[in-house]
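Undergrad: Before we start, here is the structure in question, set down as structure tokens.
In structure tokens, the structure reads:
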């Protein structure tokens, strides 16, 4: 996505350079023939050219509005993915019960320390949070040019997290108690799976291999199972749902029904976002809206010097260059914006959004060593 203060000339020339040069050459040849060789037959009435320009402007405006709607819908869907990811992580961390099951080596599974925010939330009593703590941010807030703002402020000494953890509650597995005592192995794995899901979706939409990007977020056995799947993001959602079912399978408390329904609703929302992104990716604008404006722009710019050479003479190439740049740029921008998942300059910044989600979710887990937010390079944010 272009976020720079100024549009790079390299991008402008990439869109318009060669076609504009071609039409300038055509205009120069017509101008020389009309003025030097006295070929008066090269001049045609200007009225047809003027009417064609008006019709072409309406056609380009309609096509570009439709293309922008697709681009904006794609960005809206990824904004929803950010929110749904935060919701799922919050639900998993807050509502997943602390298991009494044993690990594979026979030792009991105990929750790990949660983030300071979660631990303070379940403190029975104690001092309020320090005002400076509210300055902590994940770096995901950006200005109008895509630069991530640093909201962290001065460093704050970390408190002894052990003082915030409740004593272990001896209770049967069948009752949901001690949910907020810490982050269980299941909860941590599900949160990391959500980070893996958004990265897998990004690669899925860009037709890239997802496994180099999702390997840090899954066990080797899960990765091996995912390699045989045609739709890796959908498979990850199925794995997450099955993992939640396993956690709640031996709980015989009525509250578990409501918790499972709430989490399943969030997974359904993620599935809907996946399907909506695939719809945009796999259903381009009708080819008539792409081919017809492109052909008509070229035809109009070829006729333009014939309609103005009698009035402009040697200035015909200059005026043709200006008008050609405008129409070719409009045509090229519409063709580029209509495909928001192609990893181009107008692409939805999915890589930056995936990094934002990772920062948010890992901070919820209480991790302090977080990756930095992605910054624009040469005015482009991917």
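Numbering (my numbering), first residue to last: 10 to 391.
Cβ coordinates follow ideal geometry from the N, Cα and C atoms, glycine included.
(1) Between which residues of its own chain and residue 196 is the CB-CB distance below 7 Å, once the five residues before and five after are set aside?
(2) Using only CA atoms, which one of 78, 250, 251 lies nearest to residue 294?
(3) To the nearest angstrom, report how far apart residue 27 and residue 218 are at their CA atoms.
(4) Given that a residue counts as buried once 16 or more other Cβ atoms are within 10 Å of its Cβ, and exposed if not, what is residue 325?
(5) Give the secondary structure of residue 417 by DSSP, where H, G and I count as helix, E and B as strand, and everything else as coil.
(6) From residue 65 to residue 302, what does the alpha carbon distance come to, in whole angstroms?
(7) Mind checking residue 88: buried by the 16 CB within 10 Å criterion, or exposed?
(8) Excluding five sequence neighbours on each side, which residues of the same chain lie with their C-beta closer than 7 Å to the C-beta of residue 135?
(9) To the nearest angstrom, how far is the alpha carbon of residue 245 from that of residue 235?
(10) Return helix, strand or coil for residue 217, following the three-state DSSP convention.
(11) For residue 63, which residues from the same chain have a beta carbon less than 7 Å from its beta carbon, with the 5 sequence-adjacent residues on both sides left out?
(12) Out of curiosity, what's the CA-to-CA distance linking residue 38 and residue 354?
(13) For residue 203, is the classification buried or exposed, using 16 other Cβ atoms within 10 angstroms of its Cβ as the cut-off for buried?
(14) Output the distance between the C-alpha atoms of residue 22 and residue 340, rounded to the nearest integer angstrom.
(15) Alpha carbons only, please: which of 390, 374, 327 is nearest the one belonging to residue 32?
(16) Between the C-alpha atoms of residue 321 and residue 36, what's the straight-line distance to the nearest angstrom?
(17) Starting from the Cα of residue 90, find the closest Cα among 307, 298, 282, 383 and give me that residue.
(18) Along the alpha helix (DSSP H) that carries residue 314, what are the first and last residues, could you check?
(19) Can you tell which of 80, 73, 200 has the C-alpha that lies nearest to the C-alpha of residue 352?
(20) Does the separation of the CB atoms of residue 357 and residue 349 fall below 8 Å?
(21) Starting from the C-beta of residue 55, find all residues in its chain whose C-beta is less than 6 Å away, skip the five residues before and the five after it, and write them out in chain order.
(22) Roughly how many angstroms lie between the CA atoms of residue 319 and residue 72, to the nearest whole one?
(23) According to DSSP, simplified to helix, strand and coil, what is residue 53?
(24) Determine the extent of the alpha helix (DSSP H) in which residue 257 is found, giving its start and end residues.
(25) Find the nearest neighbour of residue 231 within the set 252, 273, 338, 311, judged by alpha-carbon distance.
(26) Going by beta carbon distance, what residues of the same chain come within less than 6 Å of residue 336, once the five residues before and after it are set aside?
(27) Could you tell me the alpha carbon to alpha carbon distance between residue 75 and residue 362, rounded to whole angstroms?
(28) Can you check whether the CB of residue 364 is closer than 8 Å to the CB of residue 380?
(29) Let me know the secondary structure DSSP gives residue 26 once reduced to three states.
(30) Could you spell out the range, first to last residue, of the alpha helix (DSSP H) harbouring residue 325?
(31) If residue 373 and residue 99 are in contact, beta carbons under 8 Å, what's the gap, nearest whole angstrom?
(32) State the Cα-Cα distance for the pair residue 299 and residue 265, rounded to the nearest angstrom.
(33) Compare the Cα-Cα distances from residue 229 to each of 346, 48, 304, 198 and report the closest residue.
(34) How many angstroms separate the CA atom of residue 50 from the CA atom of residue 69?
(35) Is it true that the CB of residue 40 sits closer than 8 Å to the CB of residue 323?
TA: Let me lay it out:
(1) 101, 102, 105
(2) 78
(3) 33 Å
(4) buried
(5) This structure leaves residue 417 out entirely; the chain is present only between 10 and 391.
(6) 7 Å
(7) exposed
(8) Any reading at residue 135 must be qualified, since the residue scores a pLDDT of 40, below 50, and its modelled position is unreliable; no value is offered.
(9) 8 Å
(10) coil
(11) none
(12) 35 Å
(13) buried
(14) 14 Å
(15) 327
(16) 11 Å
(17) 282
(18) 296-321
(19) 80
(20) yes
(21) 316
(22) 33 Å
(23) coil
(24) 241-257
(25) 252
(26) 306
(27) 24 Å
(28) yes
(29) helix
(30) 325-346
(31) 7 Å
(32) 52 Å
(33) 198
(34) 31 Å
(35) yes
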